Amino acid sequence: MSMTTEANPKHNIQASRQAYYEKISKHHLAPLWEVLRGLVTPEPKTQMLPALWKFPDVEKFMLEAGDVITAEEAERRVLVLENPGDPGKSRVTNSLFAGIQLIMPGEIAEAHQHTASAIRFVLKGEGAYTAVEGEKSSMEHGDFIITANWAPHDHGNPGKEPVMWLDVLDMHIVNHFQTSFANHFDEKMQNVNHEDGDSFERYATGVLPDGTAEVFSKRSPVINYPYRKMKPILERLKKTGDVDKRFGARVRYANPVNGGPVLPTMGAHLSLLPKAFSGEPYRSTDGTVFCVAEGEGVTVIDGQPFAWGVNDVFVVPPWKRFTHEVTGNADAVLFSISDRPAQESLGLWREGN
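Just so you know, the sequence shown maps onto residues 4 to 356 in our numbering.
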């Protein structure tokens, strides 16, 4: 009898609270105390999982896509890299989109523009180009190409072989703020008035045209950071022993005007991991997409090993500890991109080991 008496008050309290919650919900109100622990977590919490996409598999499916749909029909023939922790959302991390794009010989991906910023990291094939803001830039393996917010851009392949590249866009940041706009042009291709490599030679060689600082204070004016010019810098760092115990010999793609990130929302690095490199553990709050430019290795993410080779893509979710190890008989080179600049501008970014 006493147990029933003791249980009734708790039952009555829960029942009265539930009645209260149902009453206030009709006025679009909810009790914070019921959800606070899930909203303000002691450490970053993510539904995203580590994942790896092997390029031989992706390449096979991409070439099949070339038979299934034309570039004109698809607008952009892309296979989305969907994080297995959040399928169906077109997310590789919570903030970034990633996909592999294919353009076949003789095709044109018509000109358009959108609020989301995009980057291309070229994987395989020669003879294609991307035209951005009037500069027609040839695409070669390892090239890092930027399409800034609202920049007109189109792609074409006058060559003789399929060309594929990694796309990464900040569209989920844009869509979080519900600020997406897009525009298509009447002309399939934009007017090209700058020769290949113009922006690199104009802005990234130690001089700047007058009036540049204000125009390019938030994003880089360089369209293409060619791999053939980036790799020798990594070799110099390796030769002089400038090898980080976590990242290897690493450089950050920079805005040559102010040294800042190439885009306000996304930042990228290129790392040379010397032969037999075995990295120390690292973690940070920016979920990071990696792409293998050269070599073979294993990255252990949150205790799970992922073996990678050339052109493979893998993702490290936020605040998951990882280490890199080179397993091949030569140096490896990793490209990486994340939303670190956006986090830093908001005072949110952290790192640890």
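The beta carbon of each residue, even a glycine, is placed where N, CA and C say it ideally should be.
Just so we're clear, the structure is a prediction, and the values are computed from it rather than from any experiment.
Under 8 Å by Cβ, that's how I've got Ala2 and His158 pegged, so tell me the actual separation to the nearest angstrom. The structure shown has nothing for residue 2, since the chain only spans 4 to 356.
Cβ atoms of Ile103 and Leu172: under 8 Å apart, would you say? Not a contact, by the Cβ cut-off of 8 Å.
Rounded to whole angstroms, what's the CA-CA distance from Gln181 to Leu99? Just pull it up for me. When rounded, the separation of the alpha-carbon atoms in Gln181 and Leu99 is 15 Å.
Own chain partners of Leu266 with C-beta closer than 6 Å, once the 5 adjacent residues on each side are dropped: Excluding the 5 residues flanking it on each side, Leu266 has same chain C-beta neighbours closer than 6 Å at Ser120 and Arg222, in chain order.
To the nearest angstrom, how far is the alpha carbon of Glu354 from that of Ala18? The alpha-carbon separation between Glu354 and Ala18 amounts to approximately 45 Å.
From Asn196, Pro155, Asn178 and Pro165, residue whose alpha carbon lies closest to that of Asp189: The residue among Asn196, Pro155, Asn178 and Pro165 with its C-alpha nearest the C-alpha of Asp189 is Pro155.
So, Asn261 versus Ser140, is the Cβ gap smaller than 8 Å? No, the Cβ-Cβ distance between Asn261 and Ser140 is not below 8 Å.
Can you name, in chain order, every residue of its own chain whose Cβ lies under 8 Å from the Cβ of Ala345, other than the five neighbours on each side? So the qualifying residues of the chain are Ser98, Asp173, Ile176, Pro267, Thr268 and Met269.
Are the CB atoms of Phe280 and Val316 nearer to each other than 8 Å? Contact annotation: Phe280 and Val316 have beta-carbon atoms that are not nearer than 8 Å.
Ser5 classed as buried or exposed, judged by whether at least 16 other C-beta atoms fall within 10 angstroms: Only weak support exists for where Ser5 lies, its pLDDT of 48 falling under 50; the value from the coordinates is given anyway. Exposed, because fewer than 16 other Cβ atoms sit within 10 Å of the Cβ of Ser5.
Taking DSSP's pairing of strands, which residues face Glu354 in a bridge? Bridge partners of Glu354: Ser287.
Touching or not, the region 334-348 and the region 271-279, by the rule of three or more beta carbon pairs under 8 Å? When Cβ pairs closer than 8 Å are counted between the two stretches, the region 334-348 is seen to touch the region 271-279, the count reaching three or more.
8 Å contact criterion, which Gly130 and Pro161 should meet: CB distance rounded: With 8 Å as the limit, Gly130 and Pro161 qualify as a contact, their Cβ atoms being about 6 Å apart.
Between Pro108 and Lys163, how many whole angstroms is the CB-CB distance? I'm expecting something under 8 Å. Pro108 to Lys163, Cβ: 6 Å. Contact.
Name the residue from Glu85, Lys234, Pro165 and Ala134 whose alpha carbon lies nearest to the alpha carbon of Ala151. Ranking Glu85, Lys234, Pro165 and Ala134 by Cα distance to Ala151 puts Ala134 first.
According to DSSP, Asp146 sits in a beta bridge with which residue or residues? Beta-bridge pairing links Asp146 to no other residue.
CA-CA distance, Glu238 and Gly41? Rounded to whole angstroms, Glu238 to Gly41 spans 46 Å at the Cα level.
Would DSSP call Gln17 helix, strand or coil? Residue state, collapsed to three classes: helix.
Where does Thr8 fall in DSSP's three states? Residue confidence is low: Thr8 scores 46 on pLDDT, short of 50, so the model does not pin down where it sits. No coordinate-derived value is stated.
Using DSSP bridges, identify the partner residues of Val301. In DSSP, Val301 forms a bridge with Ala310 and Glu328.
Classify Arg231: buried if its beta carbon has 16 or more other beta carbons within 10 angstroms, exposed otherwise. Exposed, by the Cβ-count rule.
Bounding residues of the alpha helix (DSSP H) (the contiguous stretch that carries Ile226): Here Ile226 belongs to no alpha helix (DSSP H), and DSSP marks it neither H nor E.
Unbroken stretches of the beta strand (DSSP E), 3 residues or longer, contained in the region 154-217: As for any beta strand (DSSP E) of minimum length 3 sitting wholly inside the region 154-217, the runs are 156-159, 166-172 and 185-187, ordered along the chain.
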